[in-house]
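Student: Protein chains in written order, with the numbering used here: chain A, 916 to 1170; chain B, 482 to 916.
Built from N, CA and C at the ideal position, the CB exists for glycine as well.
1) Would you say residue 943 of chain A faces chain B, with C-beta separation under 8 Å as the test?
2) Between which two residues does the beta strand (DSSP E) holding residue 904 of chain B run?
3) Just to make sure I have the definition right: I need the residues of chain A whose C-beta is within less than 8 Å of the C-beta of residue 737 of chain B. Which are they?
4) Which residue's Cα is closest to the Cα of residue 885 of chain B: B:894, B:585, B:861, B:897?
5) What does the alpha-carbon distance come out to for the pair residue 1152 of chain A and residue 1073 of chain A?
6) Using a Cβ cut-off of 8 Å, pull out every chain B residue sitting near residue 1041 of chain A, in sequence order please.
7) Is there a Cβ from chain A that is less than 8 Å from the Cβ of residue 614 of chain B?
8) In the stretch 714-738 of chain B, which residues sit with their C-beta less than 9 Å from some C-beta in chain A, listed in chain order?
9) Kindly list, in the order they appear in chain B, the residues whose Cβ is closer than 9 Å to that of residue 1092 of chain A.
10) At which residue ranges does the stretch 936-996 of chain A contain complete beta strand (DSSP E) runs of 3 or more residues, listed in the order of the chain?
11) Using a Cβ-Cβ cutoff of 9 Å, what residues of the stretch 1057-1071 of chain A are near chain B? List them in chain order.
12) Pairing CB atoms from the stretch 1053-1068 of chain A with CB atoms from the stretch 767-783 of chain B, are three or more of them under 8 Å?
13) Roughly how many whole angstroms lie between the Cα atoms of residue 936 of chain A and residue 1012 of chain A?
14) With a cut-off of 8 Å on the beta carbons, I'd call residue 743 of chain B and residue 760 of chain B a contact; round off their distance for me.
15) Please state whether DSSP places residue 931 of chain A in a helix, a strand or coil.
16) In chain order, what residues of the same chain lie with their CB nearer than 7 Å to the CB of residue 698 of chain B, ignoring the 5 residues before and after it?
17) Taking residue 994 of chain A as the query, report the chain B residues whose CB atoms sit under 7 Å from its CB, ordered along the chain.
18) By the three-class DSSP mapping on this structure, what secondary structure does residue 617 of chain B have?
19) Taking residue 1089 of chain A as the reference, give the member of A:1079, A:1060, A:1070 with the closest Cα.
20) Using 10 angstroms around the beta-carbon of residue 865 of chain B, count the other beta-carbons present and answer buried if the total reaches 16, otherwise exposed.
21) Where residue 1001 of chain A and residue 1128 of chain A are concerned, what is the direct C-alpha to C-alpha distance, given to the nearest angstrom?
22) So which residues of chain A does residue 919 of chain B contact, with C-beta pairs closer than 7 Å?
23) Compute the Euclidean distance between the alpha carbons of residue 1044 of chain A and residue 1026 of chain A, then round it to the nearest angstrom.
24) Near residue 669 of chain B, what residues of its chain come up, given a Cβ to Cβ distance below 7 Å and the 5 sequence neighbours on each side ignored?
25) For the alpha helix (DSSP H) that contains residue 1100 of chain A, what are its first and last residues?
26) What is the DSSP secondary structure of residue 1142 of chain A, reduced to helix, strand or coil?
27) What residue range is occupied by the uninterrupted beta strand (DSSP E) comprising residue 1078 of chain A?
28) Applying a beta-carbon distance threshold of less than 7 Å, which residues of chain A neighbour residue 703 of chain B?
29) What number of angstroms, rounded off, separates the C-alpha of residue 868 of chain B from the C-alpha of residue 819 of chain B?
30) Please check if any C-beta of chain B sits within less than 8 Å of the C-beta of residue 1121 of chain A.
31) Going straight from the alpha carbon of residue 763 of chain B to that of residue 880 of chain B, what length do you get?
32) Over what stretch of residues does the beta strand (DSSP E) that includes residue 679 of chain B continue unbroken?
33) Consult DSSP for residue 482 of chain B and reduce its assignment to one of helix, strand or coil.
34) Would you check if there are 3 or more beta carbon pairs closer than 8 Å linking the stretch 704-720 of chain B to the stretch 1094-1105 of chain A?
35) With a cut-off of 8 Å, does the C-beta of residue 750 of chain B fall near any C-beta of chain A?
36) Helix, strand or coil for residue 717 of chain B? Go by DSSP, reduced to three states.
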């Protein structure tokens, strides 16, 4: 591993494991795709909360319990259910419990890794609504990791597009959806099937093998605009317009 | 008990598949003693009275959330699960009770494709062998009779290579001897399609067949399906939770909720003007990939309820944004509402001391009751009325009376209207709003 990760001006890669534990949960919390596999099936919901609170703060059990109840109620789950086990909840409720667990230490950044992928469409919309409300209520930052561009358009302020381990485009959600500069972003947007889709589009080929990634621009074997330079030189991430970056040799062509 | 009833009768048509009031119930596993104590059987009402027909060359999209029974319908069509009641006709023939050799012959004509192509292919079987396997199973009705002979092997090989070419699994000669692990997801789904098509079926049941594929691969497989439909007049039952994908390829759409079809009709009309509140909700939650068109949504509350005890009347009523007083309100809806009310400390105040704990409430059909202290009964009735003021309007109107009897508070609901199917603008809707 190389590179740096800055959080509130501090390089996290320099931290010891012990110091990192003060960041995880307290400053940066994470929720995952499948809430069932992330909750311990043998532990009551209450114990998930207590374990987390006690690991980070020295508070009395009574206070920890009060906070756990508050977090649960804020997600619309009755406090009497705090003594239930994970399997006694529905998928949407489990994801709300995961969010409550992530928020109980009041982090300033929440990383949500495909938080709704395993949920039904209506429950998905409910959870996205909760995440947006929280962002505003707690002034919390959200890093939403998803493959669903529809969700991105509905929830996000800024978007980073990754391809084969590299950032290919970064910009405001409007930049990305209305003026994509990287051919991969363009292909991705074209292949979304939504209610107004008239014609199906797809990106030729398949994602490359990361053991021996393609030379130059990693997207060049699938790119219809590829020129000899694309196979030779790695395109740098360039700011083509204020706040809108792309890693393409011909990004200005699409401005 | 006034359950949903079918009034729209099937007319004899040229339909290739017809389901007539199909029911599939699964028993719930229970300890012996509990089973003895309980009168009647406890079953999951996976499919509870589904009727529809598909004409040759048509793609019918069966759409719903997980647990609505759509996959069970698909499996019943292929007779992978046994129908509890109702009938299934294939090409005019009643196949509900078919067995043995006749069932095997039928399976040649109806094939099914599942969601996960990886799990559908035997990892120890080469692609060529897997695709040709159905031909060996059905060799008695297919091809030259000398199984095991060299000609037979060669005949199968040619058929397999043709099928691979047909579904775009090329270069077919090279891929023939590969194992599933060597193929990409899209290639594996093509192999599964080739295997399903090699028997030249008339009907293909596709159960979430593209849901696991990447967007770019998904488009290709959908195009392949449309192409096969055009060239071979293949008929599909396309089962999916994704209304956007269904819109693209389906001629007809059936929306399922908790074992019932709530709306069915031509895709174009349903997408242009959905009638059932559930269909409206499903269409509304599909994200639009345009940040300038963000809109606040009116979402149905909660999640799909348990299919062991589906809600009375219209099964969608507890979540429905357009619910009426006559839709099927019953005692447990009140208890659920009260539970929600008590869980919000701001609204509840000291309600819990008088009306709680929620576990003390009994809900039976239209009557919810709470046994309490004789001195507290009057206060509890008053408080119940006060809490009901905050209830959804439709539920409030459905309450017939709040009364007391000795030490018991009783909340009684009116009985609901019988739910019927109605023809509305070219489609059939099961909703009181249109009755």
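Tutor: Judging by the given coordinates:
1) Position 28 of the first chain, counted from the first residue, corresponds to residue 943 of chain A. Not an interface residue.
2) Taking the second chain and counting its residues from 1, one reaches residue 904 of chain B at position 423. Where residue 904 of chain B is concerned, the enclosing beta strand (DSSP E) stretches over 903-905.
3) Counting from one through the second chain, the residue named residue 737 of chain B turns up at place 256. Under the 8 Å cutoff, chain A gives no residues; its nearest Cβ is about 13 Å from residue 737 of chain B.
4) Your numbering for residue 885 of chain B matches position 404 in the second chain. The candidate whose alpha carbon is nearest that of residue 885 of chain B is B:861.
5) By one-based count along the first chain, residue 1152 of chain A stands at place 237. By one-based count along the first chain, residue 1073 of chain A stands at place 158. Each residue's Cα considered, the two are about 16 Å apart.
6) Position 126 of the first chain holds residue 1041 of chain A. By Cβ distance, chain B contributes 780.
7) Against the second chain, residue 614 of chain B aligns to sequence position 133. Answer no: the Cβ-Cβ gap between residue 614 of chain B and chain A never drops below 8 Å.
8) 722, 723, 724, 725, 726, 728, 729
9) As a working note, residue 1092 of chain A is residue 177 in the first chain. Result: 770, 771, 772, 773.
10) 943-946
11) 1062, 1063, 1064, 1065, 1066, 1067, 1068, 1069, 1070, 1071
12) yes
13) For the purposes of this step, residue 936 of chain A is taken as residue 21 along the first chain, with counting starting at 1. For the purposes of this step, residue 1012 of chain A is taken as residue 97 along the first chain, with counting starting at 1. Roughly 22 Å separates the two Cα atoms.
14) For the purposes of this step, residue 743 of chain B is taken as the residue at position 262 of the second chain. For the purposes of this step, residue 760 of chain B is taken as the residue at position 279 of the second chain. Yes, residue 743 of chain B and residue 760 of chain B are in contact; Cβ-Cβ is about 7 Å, under 8 Å.
15) Position 16 of the first chain, counted from the first residue, corresponds to residue 931 of chain A. Coil, per DSSP.
16) Counting from one through the second chain, the residue named residue 698 of chain B turns up at place 217. 666, 667.
17) Stepping through the first chain from its first residue, residue 994 of chain A is reached at position 79. Within chain B, the residues near residue 994 of chain A are 824.
18) By one-based count along the second chain, residue 617 of chain B stands at place 136. The answer is helix: DSSP assigns residue 617 of chain B an H, G or I state.
19) Along the first chain, read from residue 1 onward, the residue named residue 1089 of chain A stands at position 174. For the residues A:1079, A:1060, A:1070, the minimum Cα distance to residue 1089 of chain A belongs to A:1070.
20) Against the second chain, residue 865 of chain B aligns to sequence position 384. By the 10 Å Cβ count, residue 865 of chain B comes out buried.
21) Start at 1 with the first residue of the first chain, and residue 1001 of chain A comes out as number 86. Start at 1 with the first residue of the first chain, and residue 1128 of chain A comes out as number 213. If I take the Cα positions, the gap works out to 42 Å.
22) With chain B running from 482 to 916 in the structure shown, residue 919 of chain B is simply not present.
23) Within the first chain, residue 1044 of chain A is the residue found at index 129, counting from 1. Within the first chain, residue 1026 of chain A is the residue found at index 111, counting from 1. Rounded to whole angstroms, residue 1044 of chain A to residue 1026 of chain A spans 16 Å at the Cα level.
24) For the purposes of this step, residue 669 of chain B is identified with residue 188 of the second chain, where counting begins at 1. Excluding positions up to five away in sequence, the list reads 598, 599, 602, 661.
25) Taking the first chain and counting its residues from 1, the one referred to as residue 1100 of chain A is at position 185. It spans 1098-1105 - the alpha helix (DSSP H) in which residue 1100 of chain A sits, taken as one unbroken run.
26) In the first chain, the residue the question calls residue 1142 of chain A occupies position 227. Three-state result, residue 1142 of chain A: coil.
27) Here the question's residue 1078 of chain A lines up with position 163 in the first chain. Segment 1073-1078, the beta strand (DSSP E) holding residue 1078 of chain A.
28) Translated into positions along the second chain, residue 703 of chain B becomes position 222. Within 7 Å Cβ-Cβ: 1115.
29) Within the second chain, residue 868 of chain B is the residue found at index 387, counting from 1. Within the second chain, residue 819 of chain B is the residue found at index 338, counting from 1. Looking at the two C-alpha atoms, the distance is approximately 8 Å.
30) By one-based count along the first chain, residue 1121 of chain A stands at place 206. For residue 1121 of chain A, the answer is yes, since a Cβ of chain B falls inside 8 Å of its Cβ.
31) On the second chain, residue 763 of chain B is found 282 positions in, with the first residue counted as 1. On the second chain, residue 880 of chain B is found 399 positions in, with the first residue counted as 1. C-alpha separation (whole angstroms): 29 Å.
32) By 1-based counting over the second chain, the position of residue 679 of chain B is 198. Run containing residue 679 of chain B: none; DSSP gives neither H nor E here.
33) Here residue 482 of chain B is taken as the residue at index 1 of the second chain, counted from 1. Confidence at residue 482 of chain B is low in this model, with a pLDDT of 37, below 50, so the placement of that residue should be treated as unreliable; the coordinate-derived value is given next. DSSP places residue 482 of chain B in coil when its eight states are reduced to three.
34) no
35) What you label residue 750 of chain B is simply residue 269 of the second chain in a count that begins at 1. No, because no Cβ of chain A sits closer than 8 Å to the Cβ of residue 750 of chain B.
36) Here residue 717 of chain B is taken as the residue at index 236 of the second chain, counted from 1. The answer is strand: DSSP assigns residue 717 of chain B an E or B state.
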